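K.L.:
This is the structure, below, for whatever I ask next.
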């Protein structure tokens with residue numbers, strides 16, 4: 039669920055989302071009487087989760103002394119999924135996960151093999167400048183499937199893709215950035231120190247949480263007849 043590979047990012051994103059959901063629960067506990075128990079139950083799970091994750095973040099942030107791996111991401115994702123189901127606010131939870139949803143949609147062409155996908159898609163570290171930059175995928179133009187060409191053309195038209203063609207061994211090759219939100223941020227921001235990249239992505243997560251509150255409390259009535 040959360041973007042892996044950068045010190046402090048997975049735990050930081052989980053922390054931002056969990057705090058946002060706690061704030062939402064506290065608002066709803068006082069607003070909607072018949073949902074009181076549902077949101078209290080969510081709080082019972084999330085407050086210990088935040089305490090554990092906050093402690094973890096202190097060791098996981100740059101320079102990391104503890105690495106969370108897939109285990110934490112699975113646990114954090116399932117915790118958030120469970121509280122949203124028990125609290126009956128799964129649609130609201132999706133709003134708090136806008137960066138994660140975007141990252142999945144942006145990654146689909148590589149995940150579903152529309153375009154070739156390397157084994158590792160993490161940003162590339164440059165030891166000379168102590169920065170990370172976009173990692174690339176290289177492949178022959180002839181290996182690109184028709185729906186892959188359409189997808190890359192669509193991404194290029196919206197400025198969401200770094201693409202370069204070149205000749206190699208008498209054949210035409212293409213180089214693109216790996217399709218993750220980490221590489222997309224680096225496409226626009228250029229090479230960044232790993233700590234800075236984490237702060238940028240956590241800032242995006244916070245902004246999206248604020249946007250989620252705006253949508254939930256000011257725009258939801260345009261789409262649903264009954265909004266609690």
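Residue numbers (the working numbering): 39 to 266.
Virtual Cβ for every residue (Gly too), placed ideally from N, Cα, C.
What you are looking at is a predicted structure, and each value in this text was computed from that prediction instead of being measured.
Look at residue 236 and residue 92 and say whether their C-beta atoms are less than 7 angstroms apart.
P.N.:
Going by C-beta atoms, residue 236 is not nearer than 7 angstroms to residue 92.
K.L.:
Let me know the secondary structure DSSP gives residue 153 once reduced to three states.
P.N.:
Note: residue 153 maps to coil in three-state DSSP.
K.L.:
Buried or exposed for residue 66, going by 16 or more other Cβ atoms inside 10 Å?
P.N.:
The residue in question, residue 66, is buried, as its Cβ has 16 or more Cβ neighbours within 10 Å.
K.L.:
Can you tell me whether residue 130 is buried or exposed? The criterion is at least 16 other CB atoms within 10 Å of its CB, across all chains shown.
P.N.:
Label assigned to residue 130: buried.
K.L.:
Which residues bound the alpha helix (DSSP H) around residue 76?
P.N.:
That run of the alpha helix (DSSP H) goes 74-98.
K.L.:
Go through its chain and collect everything with a Cβ distance to residue 85's Cβ below 8 angstroms, but skip five positions before and after it.
P.N.:
Here the set comprises 60.
K.L.:
I'd like the span of the alpha helix (DSSP H) that includes residue 195, first residue to last.
P.N.:
Start and end: 184-195.
K.L.:
Would DSSP call residue 230 helix, strand or coil?
P.N.:
Correct three-state label for residue 230: strand.
K.L.:
Please check the pair residue 135 and residue 55, which I expect to be a contact at CB under 8 angstroms, by giving their CB distance rounded to whole angstroms.
P.N.:
The Cβ separation is near 7 angstroms, so the contact holds.
K.L.:
So, is residue 74 buried or exposed, given that buried needs 16 or more other C-beta atoms within 10 angstroms?
P.N.:
Answer is exposed; the Cβ neighbour count stays below 16.
K.L.:
Below 8 angstroms on the Cβ atoms is my contact criterion, and I expect residue 220 with residue 50 to pass it. Report the Cβ-Cβ distance as a whole number of Å.
P.N.:
So it is not a contact: roughly 13 angstroms between Cβ atoms.
K.L.:
Would the segment 105-119 and the segment 226-240 be scored as touching if the rule is three or more Cβ pairs under 8 angstroms?
P.N.:
Contact between the segment 105-119 and the segment 226-240 is absent, because fewer than three Cβ pairs lie under 8 angstroms.
K.L.:
Counting C-beta neighbours from all protein chains within 10 Å, is the total for residue 167 16 or more, i.e. buried, or is it exposed?
P.N.:
Looking at its Cβ environment, which holds fewer than 16 other Cβ atoms inside 10 Å, residue 167 is exposed.
K.L.:
Going by the beta-carbon positions, is the gap between residue 45 and residue 102 smaller than 7 angstroms?
P.N.:
Their beta carbons are under 7 angstroms apart, which means residue 45 touches residue 102 by this criterion.
K.L.:
What does the alpha-carbon distance come out to for the pair residue 200 and residue 177?
P.N.:
About 14 angstroms.
K.L.:
Buried or exposed, going by whether 16 or more other CB atoms sit within 10 Å of the CB of residue 203?
P.N.:
Answer is exposed; the Cβ neighbour count stays below 16.
K.L.:
Fully enclosed by the segment 115-180, which alpha helix (DSSP H) runs are 4 residues long or longer?
P.N.:
128-134, 136-149, all fully within the segment 115-180.
K.L.:
Taking C-beta to C-beta, are residue 63 and residue 77 nearer than 7 angstroms?
P.N.:
Yes, Cβ-Cβ distance for residue 63 and residue 77 is below 7 angstroms.
K.L.:
As a quick exercise: from 104, 193, 121, pick the residue whose alpha carbon is nearest that of residue 82.
P.N.:
Checking every option, the nearest Cα to that of residue 82 belongs to 121.
K.L.:
Indicate whether the contact test is met: 3 or more Cβ pairs, each with one atom in the segment 172-189 and one in the segment 242-252, closer than 8 angstroms.
P.N.:
Short answer: they don't touch.
K.L.:
Considering just the uninterrupted stretch of the alpha helix (DSSP H) at residue 58, what are its terminal residues?
P.N.:
Taken as a continuous stretch (DSSP letters only), the alpha helix (DSSP H) holding residue 58 covers 47-69.
K.L.:
Give the DSSP bridge partners of residue 214, in chain order.
P.N.:
Answer by DSSP bridge pairing, in chain order: 175, 201.
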